[in-house]
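There are 2 protein chains.
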Amino acid sequence: MYTLTTLRAVPPFAIGQVRDLRVRWALEEAGLPYRVRLIGPDEQVAPAYRKQQPFGQVPVLNDDGATLFESGAILLHLGERSPDLLPAEAAQRAQTVTWMFAALNSVEPHVGNLANLIVFSAGEAWARERRAVLEEMALKRLREVDAWLAGRDYLVDRFTVADILMTTVLRQLDGTDLVERCAALGAYKARCAARPAFRKALGDQMALYSPERQIA
Amino acid sequence: MYTLTTLRAVPPFAIGQVRDLRVRWALEEAGLPYRVRLIGPDEQVAPAYRKQQPFGQVPVLNDDGATLFESGAILLHLGERSPDLLPAEAAQRAQTVTWMFAALNSVEPHVGNLANLIVFSAGEAWARERRAVLEEMALKRLREVDAWLAGRDYLVDRFTVADILMTTVLRQLDGTDLVERCAALGAYKARCAARPAFRKALGDQMALYSPERQIA
């Protein structure tokens with residue numbers, strides 16, 4: 001049985017964006033049941049938790065004896081246990097792993113810098129000076145993924161964990177029109193986000209952080 | 217035979233930092249011979265190259281039929297072919313993969329933001345306003361890795377590809393004292409950079425970009 005560790009409470013801007021969403025989505029796609037363990041700020045800084053997650057962040061996944069952190073590593077671990085997530089065929093597998101790293105190391109840094117500016121710093125002087133450049137840098141990467149997706153439904157020949165990572169990266173720009181300015185990319189994101197496993201995973205995260213539950 | 221694609225020429229600040237260094241280092245550790253294919257700006261934007269590397273970047277590794285990009289994916293691919301790079305034992309392997317993603321997705325974004333500011337924007341108004349915050353964010357992550365390394369020689373029980381990624385991430389801050397302010401982390405970086413395979417890989421990259429060769 002898998003146990004997913006995530007945060008007990010988050011600020012409003014983070015609801016629907018907490019990275020446990022990636023793990024929930026993968027588990028739903030693979031039909032793997034899991035339970036949720038909730039932690040708060042005290043646990044995040046506690047030495048016992050830092051031994052599991054040195055940055056004090058979420059998600060952490062416990063798979064019987066093994067403890068994993070980093071959403072990318074967790075998704076690769078689950079992929080190795082479910083062909084629904086990661087193709088067994090060598091070339092498809094290599095392409096999937098490549099796109100997992102691309103989503104997290106070539107796209108997310110640019111997308112994240114812009115998303116963080118919008119959420120945390122939009123009114124600051126440096127951000128007003130810098131915003132157009134960060135938008136341009138993010139859009140450049142989005143257009144490169146858009147070009148790759150021309151004629152493709154997914155990053156590889158079929159849906160994989162790479163699409164889970166890329167879609168959740170792209171969702172950080174919800175509230176801007178940057179993704180939708182790229183026709184193939186916008187359609188790709190909508191295609192991935194329409195999957196029942198994504199809707200279920202997102203619904204479960206939203207329910208956890210619903211105002212009723214946060215007050216209760 | 218492996219073929220590593222990298223850039224024919226780079227600006228001075230990039231010498232010793234081009235990400236082909238990660239692949240060279242891994243190949244040297246594993247004792248795997250490789251040849252180098254050099255490309256220039258024209259190839260980087262050519263459609264044929266974009267089919268191999270959608271962002272027009274380097275490195276690309278060709279392994280007979282397979283073409284891989286993203287240094288993280290390439291190192292994982294090489295790791296699966298060499299136990300010198302990636303332990304076969306399940307728990308060690310999972311920890312190595314976790315730290316590969318941690319180096320690239322939890323540490324490098326912060327380190328890279330500061331390094332890019334220093335190289336490209338140090339004199340700009342936004343950068344003067346923002347620099348202290350970016351230093352603080354990078355240092356926070358460095359201290360968390362430093363705490364993990366207390367009592368450890370490497371990120372996992374032994375040297376792995378995760379150490380190649382982390383060391384090359386840390387080297388982006390050469391010229392600052394941030395890494396060295398963290399005692400265990402500074403010693404770790406020095407320990408990794410003293411390895412003969414790293415010295416050989418760095419020497420080969422430096423030789424490629426030596427002034428004599430760039431002019432010739």
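Line order of the protein sequences matches chains A and B.
Using the numbering used here, read the first sequence as starting at 1 and increasing by one per residue.
Using the numbering used here, read the second sequence as starting at 217 and increasing by one per residue.
A virtual CB, placed ideally from N, CA and C, is assigned to each residue, including glycine.
Predicted model, so just to flag it, every value in this text is computed and none were measured.
Q) A:R50 to B:E360, Cα distance in whole Å? A) A:R50 and B:E360 have their C-alpha atoms some 9 Å from each other.
Q.
In the DSSP assignment, the beta strand (DSSP E) including A:Y34 goes from what residue to what residue?
A. In this chain, the beta strand (DSSP E) harbouring A:Y34 covers 34 to 39.
Q | Chain-ordered residues of the stretch 354 to 378 of chain B with a beta carbon less than 8 Å from chain A | A | Cβ contacts with chain A come from R357, E360, V361, A363, W364.
Q. Identify the residues that DSSP records as bridge partners of B:V276: which are they?
A. According to DSSP, which records beta bridges pairwise, B:V276 is partnered with B:T221, B:F285.
Q. Which two residues bound the contiguous alpha helix (DSSP H) that contains A:A190?
A. First-last of the alpha helix (DSSP H) with A:A190: 183 to 193.
Q) In chain order, what residues of the same chain have a beta carbon less than 7 Å from the beta carbon of A:N113, not counting five sequence neighbours either side? A) L134.
Q) Using a beta-carbon distance cut-off of less than 8 Å, what residues from the stretch 318 to 337 of chain B approach chain A? A) Under the 8 Å Cβ criterion, the stretch 318 to 337 of chain B contributes A318, L320, N321, S322, E324, P325, G328, N329.
Q) Which residues in the same chain have their Cβ closer than 8 Å to the Cβ of B:G391, if we skip the five residues on either side of it in sequence? A) Excluding residues within five positions, the ones whose Cβ falls inside 8 Å are I334.
Q. Alpha carbon to alpha carbon, what distance is there between B:Q421 and B:I231?
A. Inter-residue distance for B:I231 and B:Q421 is about 7 Å (C-alpha atoms, whole angstroms).
Q. For B:D369, which of helix, strand or coil comes out of DSSP?
A. Three-state result, B:D369: coil.
(Q) Between B:P270 and chain A, is the shortest Cβ-Cβ distance under 8 Å, so that the two count as touching? (A) Yes, B:P270 counts as interfacial toward chain A.
Q: With DSSP as the reference, label B:D362 as helix, strand or coil.
A: DSSP, read as helix, strand or coil, puts B:D362 in helix.
Q | B:R411 versus A:K200: straight-line alpha-carbon distance, rounded | A | Distance between the alpha carbons of B:R411 and A:K200: 48 Å.
Q: In angstroms with no decimal places, state the Cα-to-Cα distance between A:R24 and B:E352.
A: The straight-line gap separating the alpha-carbon atoms of A:R24 and B:E352 is approximately 32 Å.
Q. Using 8 Å as the limit for Cβ to Cβ distance, is A:Y125 near chain B?
A. Checking the sequence shown, residue 125 of chain A turns out to be Ala, not Tyr. So, interface residue.
Q: Provide the residue span of the alpha helix (DSSP H) that contains A:V23, from first to last.
A: Its alpha helix (DSSP H) spans residues 20 to 30.
Q: Indicate whether the contact test is met: 3 or more Cβ pairs, each with one atom in the stretch 312 to 327 of chain B and one in the stretch 72 to 80 of chain A, closer than 8 Å.
A: Contact holds between the stretch 312 to 327 of chain B and the stretch 72 to 80 of chain A, because three or more Cβ pairs, one in each stretch, are under 8 Å apart.
Q. Is it right to say A:T168 is buried, meaning 16 or more other beta carbons lie within 10 angstroms of its own, or is it exposed?
A. Under this definition A:T168 is a buried residue.
Q: Please report how far the alpha carbon of B:G272 lies from the alpha carbon of B:V261, in whole angstroms.
A: Here the C-alpha atom of B:G272 lies approximately 6 Å from the C-alpha atom of B:V261.
Q. Cα-Cα, which of A:L173, A:A122, A:K189, A:A73 is closest to B:R309?
A. If we check each option's Cα against that of B:R309, A:A73 comes out closest.
(Q) From the DSSP secondary-structure annotation, give me the bridge partner or partners of B:D390. (A) According to DSSP, which records beta bridges pairwise, B:D390 is partnered with B:T392.
(Q) List, in chain order, every chain A residue whose beta-carbon is nearer than 8 Å to that of B:F285. (A) Under the 8 Å cutoff, chain A gives T98, A102.
Q. Which chain A residues are close to B:L418, counting only those with a beta carbon under 7 Å from its beta carbon?
A. What B:L418 touches in chain A: nothing, since even the nearest Cβ is about 21 Å away.
Q) Does any CB atom of chain A fall closer than 8 Å to the CB of B:G402? A) Residue-level contact by beta carbon fails for B:G402 and chain A, as no gap is shorter than 8 Å.
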